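Everything below concerns the one structure shown next.
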Amino acid sequence: ENYYPTEFGERPRAAVYNEPFISAFGDSYVHCDGVKHNETWEEDLSRMLNKDIYNFGTGGYGTDQAYLKFLSVFPKVRTPVVILGLITENINRVVSVYRPFYYEKTSIRLTKPRFILKQGKLTLLPNPVHSLDEIKNLQNPYFMNRIGRNDFWFNRDNYPELRFPYLKILFNKRIWLE
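Sequential numbering of the sequence shown, starting at 9, is according to my numbering.
This is how it looks when you write it as C-alpha cells:
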C-alpha cells in the first residue's frame, strides 16, 4: 500500500485549492503508476476544475482492497464525489487471496483479504498473513493449501492436495494426465 506523508495519505498534489471535491480509489490505473505526481489524470482534472482531487489508488490492488481503503479513508476526507476505478482484470484479484495462484509470474507475492458470499451476506475474510514474521508461511505447502481454499484460482487444475490419505494422490486423474 502507498504511504504518502500527506494529510490523508493520498498521493501528493501539485496544488491545493482548499475545496475538496473528488476522492479516487482503485488500482495502478487510478494511482497512475509510471508518471510523476503532477502528471496523473487526477492532477489534470484538478487543474481544470480548480478543486482538490485526492488520489488514493494503489498499484496491484483489487476492487475489494480499494473498497476497504475507501471505508478507512473516506470518513476523514468526505468529498462530495467518489470515484472507484477498475478494469476487468480486477475480477481476478477480487476472487483471489494470493496473486500467484492466478498469475504465477507476478511480482506481487503477498496475500490479501477477500470478500465471500456467506449465507447471502458479504463477509470479509481477513488477510491470512498478519505480520512480516508470517510471510515465511508462504513457503509452507500446508499453509498454502489452507489459504487456497478461499481462492478461486487455487487448484483450478484439480491437483490433489498434499494430505492424508496420500494414496489418493497416486490415483488422482490429474497427476496421470501430467
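C-beta atoms are modelled at their ideal positions from N, C-alpha and C, and glycine is treated no differently. Remember, it's a predicted structure, so these values are computed and weren't measured experimentally.
With a Cβ-Cβ cutoff of 8 Å, do residue i and residue j count as a contact?
{"i": "Gly70", "j": "Phe109", "result": "no"}
{"i": "Phe160", "j": "Val103", "result": "yes"}
{"i": "Asn58", "j": "Thr48", "result": "no"}
{"i": "Asp52", "j": "Tyr25", "result": "no"}
{"i": "Val81", "j": "Phe16", "result": "yes"}
{"i": "Ser54", "j": "Ala23", "result": "yes"}
{"i": "His45", "j": "Asn10", "result": "no"}
Tell me whether residue i is buried or exposed, calling it buried when 16 or more other Cβ atoms sit within 10 Å of its Cβ.
{"i": "Met56", "result": "exposed"}
{"i": "Pro136", "result": "buried"}
{"i": "Gly65", "result": "buried"}
{"i": "Asp41", "result": "exposed"}
{"i": "Arg21", "result": "buried"}
{"i": "Arg19", "result": "buried"}
{"i": "Pro149", "result": "exposed"}
Considering Cα atoms alone, identify which of the options is closest to residue i.
{"i": "Asn100", "options": "Pro83, Arg86 and Lys120", "result": "Lys120"}
{"i": "Thr96", "options": "Pro20, Pro13, Pro28 and Asp35", "result": "Asp35"}
{"i": "Gly67", "options": "Val43, Leu140 and Arg154", "result": "Val43"}
{"i": "Leu76", "options": "Ala23, Leu118, Arg164 and Leu130", "result": "Leu130"}
{"i": "Tyr111", "options": "Val85, Gln147, Arg164 and Asp72", "result": "Arg164"}
{"i": "Pro134", "options": "Phe78, Asn158 and Glu18", "result": "Asn158"}
{"i": "Asn145", "options": "Tyr106, Lys126 and Leu125", "result": "Tyr106"}
{"i": "Gln202", "options": "Phe123, Arg122 and Leu118", "result": "This structure does not reach residue 202, given that the chain is present from 9 up to 186, and the question cannot be answered."}
{"i": "Ala74", "options": "Met152, Tyr37, Glu27 and His45", "result": "Tyr37"}
{"i": "Ile124", "options": "Leu79, Asp72, Ile116 and Thr114", "result": "Asp72"}
Sort out for me which residues DSSP pairs residue i with in a bridge.
{"i": "Ala23", "result": "Answer is none; Ala23 lacks a bridge partner."}
{"i": "Ala32", "result": "Asn63 and Ile91"}
{"i": "Ile99", "result": "Paired residue(s): none; Ile99 is not in a bridge."}
{"i": "Lys126", "result": "Lys129"}
{"i": "Thr119", "result": "Tyr106"}
(request) Please confirm if the segment 136-146 is in contact with the segment 82-93, defined as three or more CB-CB distances below 8 Å between the two stretches. (result) No contact exists between the segment 136-146 and the segment 82-93.
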